[in-house]
Amino acid sequence: MESFNFFKGYGKVNPLEDQSPHQQESTASKRRILIISVSSILFLTLILGLALAALIHESNTEPDEFPYLSSSNSAESIKTVCDMTLYPSSCFTSISSLNISTKPDPEVIFKLSLKVSITDLKCLSSLFTSSHDVNSQAAMRDCGSLFDDSLGKLNDSLLAMEVGPGEKMLTLEKVNDIHTWISAAMTDQDTCIDGLEEMESVLPDEIKAKVERSKDFLSISLAIIAKMEDLLKKFDLEMH
Numbered sequence: 000m001e002s003f004n005f006f007k008g009y010g011k012v013n014p015l016e017d018q019s020p021h022q023q024e025s026t027a028s029k030r031r032i033l034i035i036s037v038s039s040i041l042f043l044t045l046i047l048g049l050a051l052a053a054l055i056h057e058s059n060t061e062p063d064e065f066p067y068l069s070s071s072n073s074a075e076s077i078k079t080v081c082d083m084t085l086y087p088s089s090c091f092t093s094i095s096s097l098n099i100s101t102k103p104d105p106e107v108i109f110k111l112s113l114k115v116s117i118t119d120l121k122c123l124s125s126l127f128t129s130s131h132d133v134n135s136q137a138a139m140r141d142c143g144s145l146f147d148d149s150l151g152k153l154n155d156s157l158l159a160m161e162v163g164p165g166e167k168m169l170t171l172e173k174v175n176d177i178h179t180w181i182s183a184a185m186t187d188q189d190t191c192i193d194g195l196e197e198m199e200s201v202l203p204d205e206i207k208a209k210v211e212r213s214k215d216f217l218s219i220s221l222a223i224i225a226k227m228e229d230l231l232k233k234f235d236l237e238m239h
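First residue of the sequence shown: 0, per numbering that gives the first Met the number 0; consecutive thereafter.
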């Protein structure tokens with residue numbers, strides 16, 4: 000009996016043979032659904048992967064809308080602006096030494112040049128007010144007053160560039176006003192030097208050098224604002 004049963008079961012390689020036609024059809028349908036589902040998942044995964052790869056490639060290869068606003072171009076942008084001045088080396092060194100992380104466009108670089116001039120003028124002004132040269136005290140006081148006036152004009156220039164979010168720092172009207180204020184500040188310095196020479200004041204070489212350096216910084220700011228429209232064009236920008 001056991002031998003008979005063994006040979007009876009031998010050769011059953013397809014379990015569907017013991018099922019009814021309806022059961023066989025149901026099992027086959029389930030298998031087809033499973034295969035279709037797995038294939039669909041794999042296909043969707045492939046599509047999503049290709050889409051993600053294309054997006055990453057596009058973000059890596061698409062050029063910047065504003066190339067001069069990337070930090071890697073900061074030094075080159077400052078150099079471009081400073082090359083428009085009479086003292087490009089002093090301009091570049093003084094502005095770069097501020098170590099201020101900001102957008103390198105002409106308006107911002109000009110603003111930084113003003114800050115350099117203001118800082119230098121403050122130091123220079125303190126030298127005149129603390130001087131005890133009896134022979135030229137009157138001229139020294141005049142210089143102190145003139146330098147304070149210069150600082151006021153430069154601070155007015157900075158204030159004019161303070162704007163709200165989305166607003167532009169410079170307009171043609173502002174450029175004209177700032178140009179006038181910086182020119183007046185330079186005239187104040189020349190008037191100071193003229194007064195000291197008239198009083199035959201003997202200024203130490205150190206102070207003379209600092210006065211000349213201060214005039215150079217003002218000249219740098221004046222040159223940048225005077226050529227602002229041309230600079231903006233170099234950066235693919237426009238006067239507002």
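In this text, a Cβ means the ideal position worked out from N, Cα and C, and glycines have one as well.
Go ahead and label Leu171 buried or exposed: buried means 16 or more other beta carbons lie within 10 angstroms of its beta carbon, across all protein chains shown.
Against the sequence shown, residue 171 aligns to sequence position 172. When all chains shown are included, Leu171 counts as exposed.
To the nearest angstrom, report how far apart Ser73 and Gly143 are at their CA atoms.
Here residue 73 is taken as the residue at index 74 of the sequence shown, counted from 1. Here residue 143 is taken as the residue at index 144 of the sequence shown, counted from 1. If you draw a straight line from the Cα of Ser73 to the Cα of Gly143, it comes to about 36 Å.
Measuring CB to CB, does Asp155 end up less than 7 Å from Trp180?
Taking the sequence shown and counting its residues from 1, one reaches residue 155 at position 156. Taking the sequence shown and counting its residues from 1, one reaches residue 180 at position 181. Yes, the pair counts as a contact, with Cβ atoms nearer than the cut-off.
Is it true that the segment 102-114 meets the segment 75-82, where meeting means three or more beta-carbon pairs spaced less than 8 Å apart?
yes
Whose CA, out of Leu169, Met160, Ser89 and Phe127, lies closest to the CA of Arg140?
The residue you call residue 140 lines up with position 141 of the sequence shown. Checking every option, the nearest Cα to that of Arg140 belongs to Phe127.
Boundaries of the alpha helix (DSSP H) in which Pro105 is found, first to last residue:
The residue given as residue 105 occupies position 106 in the sequence shown. Unbroken alpha helix (DSSP H) run through Pro105: Pro105 to Thr128.
So, for Pro111: in the same chain, excluding its five sequence neighbours on each side, which residues have a beta-carbon less than 8 Å away from its beta-carbon?
By one-based count along the sequence shown, residue 111 stands at place 112. It is worth fixing the name first, because residue 111 is Leu in this sequence and not Pro. Contacts found: Ile94, Leu97, Ile99 and Thr101.
Count the other C-beta atoms from every protein chain shown that fall within 10 angstroms of the C-beta of Ala138, then say buried if there are 16 or more, exposed otherwise.
Numbered from its first residue, the sequence shown carries residue 138 at position 139. That one is buried.
Asp193: buried (16+ other C-beta within 10 angstroms of its C-beta) or exposed?
Translated into the one-based positions of the sequence shown, residue 193 becomes position 194. Burial state of Asp193 is exposed, judged by a 10 Å Cβ sphere holding fewer than 16 other Cβ atoms.
For Ala208, is the classification buried or exposed, using 16 other Cβ atoms within 10 angstroms of its Cβ as the cut-off for buried?
As a working mapping, residue 208 is identified with position 209 in the sequence shown. With fewer than 16 Cβ atoms within 10 Å of its Cβ, Ala208 is classed as exposed.
Best match in Glu205, Ala222, Leu157 and Lys173 for proximity to Met185 [C-alpha to C-alpha]
By one-based count along the sequence shown, residue 185 stands at place 186. Considering only alpha carbons, the answer is Ala222.
Would you identify the three-state DSSP class for Leu157, choosing helix, strand or coil?
Against the sequence shown, residue 157 aligns to sequence position 158. Helix, per DSSP.
In chain order, what residues of the same chain lie with their CB nearer than 6 Å to the CB of Asp119, ignoring the 5 residues before and after it?
Locating residue 119 in the sequence shown gives position 120, counting from the first residue. The residues are Ser213 and Phe216.
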